[in-house]
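Engineer: One structure coming up, written as structure tokens, with questions to follow.
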Amino acid sequence: MATRLVQINMKARDDSALGGFWAQALGWEISSEGPGVTNLEPEGFVYPDPVAVCIDLIVSSEPKTAKNRVHVDLATTSAAHQAQVVARLKDLGATAADVGQADVPWAVMADPEGNEFCVLDPRPLYQDTGPIAAVVVDCADPRAMARFWSEATDWTLHEVTDQGARLRSAKGVGPYLEFVRTPDVKSGWNRVHLDVRPYPGDDPEAEAARLRSLGATSVDLGQDVPWRVLADPEGNEFCLLTPG
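Final position of the sequence shown in this note's numbering is 254; the numbers increase by one with none missing.
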């Protein structure tokens, strides 16, 4: 049994407006499965497919109060392309952000609702990922997080050190999932979290039990929903969706 990382769930004050920003930023299409939900995926995409990790924006009145522990890194192909992407994103409403990064070759930015993201300098590793080079998770122990997430999903561990870890779909396509050591302490609910989905025919109860055996914990939202909310060993919430 295993799950697939299928999407990022991002809370938004205005899901439609923020969805419009990210659709233009990524060159993706917009749809909606209901009020207060905006779905983003590549043109012609057949969900789910590891070639992309989609984005769901969910309306929420809760304010953003701290740096997100999950963010995306955008890929570029040259220094000129990086500069063009940064300029275009500023035109769309993004701003430069300071998270204590000092002098680095990538650009740290925030979307119109303050969600941090990075526009990377060109790197060969990310030339075939699509617009999202990596989904990045802040953590205290990259080795432990890599162990959990590589066993929780069907993603392959590519690199692990005390400072960071990198996974990718076993099919060798799409963005990477990266864990980066940070001294920041998690506070409150993550406004951006990961959603995973079992394969068709798998038993979601059995999969939830397997994830708990790996170190996940159940989270009770007091809601009657078809998906299960869990937290990884460092307390980062994630959703186990229905098989499909």
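Cβ atoms here follow ideal geometry from the backbone N, Cα and C, with glycine treated the same way.
1) So, is residue 11 buried or exposed, given that buried needs 16 or more other C-beta atoms within 10 angstroms?
2) For the alpha helix (DSSP H) that residue 92 lies in, which residues bound it at each end?
3) With DSSP as the reference, identify every bridge partner of residue 166, one or two as the case may be.
4) Which value, in whole angstroms, describes the spacing of the CA atoms of residue 230 and residue 239?
5) Need the endpoints of the alpha helix (DSSP H) that residue 214 sits in, please.
6) Label residue 179 either buried or exposed according to how many other C-beta atoms from any shown protein chain fall within 10 Å of its C-beta, with 16 as the threshold for buried.
7) I need the straight-line Cα distance from residue 25 to residue 81, nearest angstrom please.
8) DSSP three-state label for residue 144, please.
9) Does DSSP put residue 43 in a helix, a strand or coil?
10) Evaluate the contact criterion for the region 140-158 versus the region 175-190: three or more CB pairs, one atom per stretch, below 8 Å.
11) Taking the CB atoms as reference points, tell me whether residue 157 and residue 78 lie closer together than 7 Å.
12) Should residue 104 and residue 118 be called a contact, given that it needs their Cβ atoms to be closer than 7 Å?
13) Nearest to residue 124 by alpha carbon, out of 32, 62, 46?
14) What separation, rounded to the nearest whole angstrom, lies between the Cα atoms of residue 130 and residue 36?
15) Just tell me which of 62, 42, 20 has its CA closest to the CA of residue 138.
16) Suppose the cutoff is 7 Å on Cβ atoms and the five residues either side in sequence are ignored; what does the same chain contact list for residue 176 look like?
17) Residue range of the alpha helix (DSSP H) that residue 27 falls in?
18) Do residue 76 and residue 228 have their beta-carbon atoms positioned less than 7 Å apart in this structure?
Structural biologist: To lay it out plainly:
1) What you label residue 11 is simply residue 1 of the sequence shown in a count that begins at 1. Result: exposed.
2) Along the sequence shown, one-based indexing puts residue 92 at 82. From DSSP, the alpha helix (DSSP H) with residue 92 extends over 89-102.
3) For this step, residue 166 is matched to residue 156 along the sequence shown. BP columns for residue 166 point to 178.
4) Looking up residue 230 in the sequence shown gives position 220. Looking up residue 239 in the sequence shown gives position 229. The alpha-carbon atoms of residue 230 and residue 239 are separated by roughly 7 Å.
5) In the sequence shown, counting from the first residue as 1, residue 214 sits at position 204. For residue 214, the uninterrupted alpha helix (DSSP H) segment begins and ends at 214-224.
6) On the sequence shown, residue 179 is found 169 positions in, with the first residue counted as 1. Classification of residue 179: buried, given that the 10 Å Cβ count is 16 or more.
7) The residue labelled residue 25 in the question sits at position 15 within the sequence shown. The residue labelled residue 81 in the question sits at position 71 within the sequence shown. Going from the Cα of residue 25 to the Cα of residue 81 covers about 17 Å.
8) Looking up residue 144 in the sequence shown gives position 134. DSSP places residue 144 in strand when its eight states are reduced to three.
9) For this step, residue 43 is matched to residue 33 along the sequence shown. Note: residue 43 maps to strand in three-state DSSP.
10) yes
11) Taking the first residue of the sequence shown as position 1, residue 157 is located at position 147. Taking the first residue of the sequence shown as position 1, residue 78 is located at position 68. In this structure, residue 78 does not lie closer than 7 Å to residue 157 by Cβ.
12) Sequence index remark: in the sequence shown, residue 104 carries index 94 (1-based). Sequence index remark: in the sequence shown, residue 118 carries index 108 (1-based). Cβ atoms of residue 104 and residue 118: not closer than 7 Å.
13) As a working mapping, residue 124 is identified with position 114 in the sequence shown. The residue with the shortest Cα to Cα distance from residue 124 is 32.
14) Here residue 130 refers to the residue found at position 120 of the sequence shown. Here residue 36 refers to the residue found at position 26 of the sequence shown. When rounded, the distance between both Cα atoms is 14 Å.
15) Here residue 138 refers to the residue found at position 128 when the sequence shown is read from its first residue. Cα-wise, what sits closest to residue 138 is 62.
16) What you label residue 176 is simply residue 166 of the sequence shown in a count that begins at 1. 168, 169, 186, 188, listed in sequence order.
17) For the purposes of this step, residue 27 is taken as the residue at position 17 of the sequence shown. Counting along the chain, the unbroken alpha helix (DSSP H) around residue 27 starts and ends at 25-36.
18) Position 218 of the sequence shown, counted from the first residue, corresponds to residue 228. Position 66 of the sequence shown, counted from the first residue, corresponds to residue 76. Against a cut-off of 7 Å, the Cβ pair of residue 76 and residue 228 comes out as no contact.
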